[in-house]
Amino acid sequence: MSFLTFDAASMPIRDDIVEALPQVWAQIGEPGTWLTAEVRVAVAAESRHARHCALCAERKETLSPYSVQGKHDSLGMLPAEKVEVVHRVMTDSGRIVEHWFQAMCDSGVPETEYVEMIGVIACTVGIDTFCRGIGIEPPRLPEPQPGEPSGKRVPEDQLNRDLAFAPTIRPEIDGPLQNEFFPGGPPTAAHIRRALTSVPDTQRQFWLMVNTLYMNGLQMRDFSTEYRAITHAQIELVAGRVSAINQCVY
Amino acid sequence: MALLRASGEHAGENYDLSAVLGDSGRDTGIPDADVLIRLAEAVVGYDTDEIAAARQAVLDRMGAAALVDAAAVAANFNAIDRVADSIGIPLEEEKALHSEEFREELGINGFGKMTVNVASERHSS
């Protein structure tokens, strides 16, 4: 069961959104690959809380955000290092650097948990932003469901450790995950489509949301057909403006 | 940005890409760019009055289906930007080559080192 519905919306919402986003939201409350359901829901809650943090506000204003030390204003549901991850991603993601990622891993957030946390944060941000956009309240947090994380690890020989800070699946290998995530083969494996692949269920959850809110890869580059109520140019204008505000070069 | 330029090339239009960096959008060459930019800026923030005003502007000009799709795209990129930057994926070599000129021209290479002007600040001034 999902606490996300669009019943309160004052306008018709596309059927695929009505179907997909409640699934994505409910999955936040389920045990993940490396995180328990309680931790996943706590990450979502902290994501919403981060904008109220004084330390993050101070860091945002400075030219050297890694020089400002202090304690985050947090909900107290997560250990300090996980709070640091959530707050940095929420409030200043455009200035994240590799040495910070390594410091997080060294301080007790394994890269597997880090990638899963990024997925939870991103799905929370995406759904909350969409709700604000259409004029409904962001949904209640999911109730954590019982169960243990699956711990299903992608074999090391499937991972590329040179592309990004975090490992990603190597698209050039012929394997079931590659066939699922890059059905068009390595040339279609855009870096963003590789980003969360080291935790496959996180990848699946995130791309269910992305393919619904945006377009799939084929639609994205098919300029001869308009798939949405706004044109490709209008879509990319909105995308570009949001990315500029977030200082995202990618 | 690369897709926006490609979209313009396909349509035979030369869109003014500087709109994504904070211009009002009125001179982009893209229909209704001004209300779409206002919505994009509003929904990544938390000013409920501005969000409501921006939403109504899109509704009045473009209709409900356009508002839903514009809100969906803004939401998507507010999420996907965080994934890209947190995982540290680089721009693909091919995309980097194709976008080299306008990234330099528009100052995109300086992202992460500066604060981007927000057009909504002009709406309230």
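Residue numbers (our numbering), protein chains in the order written: chain A, 1 to 250; chain B, 1001 to 1125.
Each residue gets a CB set at the ideal place from its N, CA and C atoms; glycine is no exception.
Cβ neighbour criterion (16 or more within 10 Å) applied to residue i
i, result
"K152/A", "exposed"
"P139/A", "buried"
"R88/A", "buried"
"D15/A", "exposed"
"P183/A", "exposed"
"R241/A", "buried"
"V68/A", "exposed"
"P31/A", "buried"
"H52/A", "exposed"
"G126/A", "buried"
"P142/A", "buried"
"S74/A", "buried"
"L1097/B", "exposed"
"E46/A", "buried"
"Q102/A", "exposed"
"H99/A", "exposed"
Three-way DSSP call (helix, strand, coil) for residue i in this model
i, result
"N160/A", "strand"
"I230/A", "coil"
"R1122/B", "Only weak support exists for where R1122/B lies, its pLDDT of 40 falling under 50; the value from the coordinates is given anyway. Correct three-state label for R1122/B: helix."
"I136/A", "coil"
"I96/A", "coil"
"T168/A", "strand"
"Y214/A", "coil"
"V83/A", "helix"
"C248/A", "coil"
"P142/A", "coil"
"P183/A", "coil"
"E1092/B", "coil"
"P31/A", "coil"
"D1081/B", "helix"
"M77/A", "coil"
"S1018/B", "helix"
"P1031/B", "coil"
Within-8 Å CB hit, residue i to chain B
i, result
"T188/A", "no"
"S64/A", "no"
"N255/A", "An answer regarding residue 255/A cannot be provided, because it is not within the stretch 1 to 250 covered by chain A."
"E98/A", "yes"
"L75/A", "no"
"T91/A", "no"
"S2/A", "no"
"A239/A", "yes"
"C248/A", "yes"
"I245/A", "yes"
Between the CA atoms of residue j and residue i - distance to the nearest angstrom
i, j, result
"S1086/B", "E111/A", "11 Å"
"V1118/B", "D92/A", "Per-residue confidence for V1118/B stands at a pLDDT of 46, beneath the threshold of 50, marking its modelled position as unreliable; no derived number is given."
"Q158/A", "R170/A", "6 Å"
"K71/A", "P79/A", "12 Å"
"A1064/B", "M11/A", "6 Å"
"S1124/B", "R1082/B", "With a pLDDT of only 40 at S1124/B, under the threshold of 50, the placement of this residue in the model should not be trusted, and no figure is reported."
"Y1015/B", "I230/A", "16 Å"
"A37/A", "A26/A", "10 Å"
"L1039/B", "P1031/B", "14 Å"
"G108/A", "A166/A", "15 Å"
"I17/A", "T5/A", "10 Å"
"V199/A", "L177/A", "11 Å"
"T1028/B", "L237/A", "9 Å"
"A1053/B", "I121/A", "27 Å"
"Y114/A", "C105/A", "8 Å"
"V1068/B", "I13/A", "7 Å"
"T1115/B", "N1078/B", "For T1115/B, the predicted model reports a pLDDT of 42, less than 50, meaning its position is unreliable and no value from the coordinates is stated."
"V43/A", "K82/A", "8 Å"
"I96/A", "A1042/B", "24 Å"
"C123/A", "N246/A", "16 Å"
"H1013/B", "E1093/B", "The sequence given here has Glu at residue 1013/B, not His. Their backbone Cα atoms lie some 26 Å apart in a straight line."
"R194/A", "D128/A", "24 Å"
"F181/A", "T197/A", "8 Å"
CB contact check: residue i to chain A, cutoff 8 Å
i, result
"V1116/B", "Because V1116/B sits at a pLDDT of 44, beneath the cut-off of 50, its placement in the model cannot be relied upon, and the following sentence gives the value as read from the coordinates. Yes, contact with chain A."
"L1036/B", "yes"
"R1061/B", "no"
"L1021/B", "yes"
"A1057/B", "no"
"Y1015/B", "yes"
"A1053/B", "no"
"L1097/B", "no"
"D1049/B", "no"
"D1069/B", "yes"
Heavy atom of the ligand FMN within 7 Å of residue i beta-carbon
i, result
"P167/A", "Inclusion of the ligand FMN in the displayed structure is not the case, the ligand content being empty and no account of it being possible."
Chain C residues whose Cβ lies nearer than 9 Å to that of residue i
i, result
"I121/A", "As a matter of chain content, chain C is missing from the structure shown, whose protein chains are A and B."
- Name the residues in the stretch 1074-1095 of chain B whose C-beta lies less than 7 Å from a C-beta of chain A; which are they? A1074, A1075, N1076, F1077, N1078, A1079, I1080, D1081, R1082, V1083, A1084, D1085, S1086, I1087, G1088, I1089, P1090, L1091 and E1092
- May I ask you to list, following chain order, the residues of the stretch 9-35 of chain A that have a beta carbon less than 9 Å from some beta carbon of chain B? A9, S10, M11, P12, I13, R14 and I17
- Taking any Cβ of chain B, which residues in the stretch 214-235 of chain A have a Cβ under 8 Å from it, in chain order? Y214, M220, R221, F223, S224, R228, A229, I230, T231, H232, A233, Q234 and I235
- Query: For the stretch 192-209 of chain A, which residues have a CB atom closer than 8 Å to at least one CB atom of chain B, in sequence order?
  - Reply: I192, R194, A195, L196, F206 and M209
- When Cβ atoms are compared, which residues of the stretch 145-172 of chain A fall closer than 8 Å to chain B? L163, A164, F165, A166 and T168
- Between the stretch 36-51 of chain A and chain B, which residues of the former have CB atoms less than 9 Å from a CB of the latter, in chain order? R51
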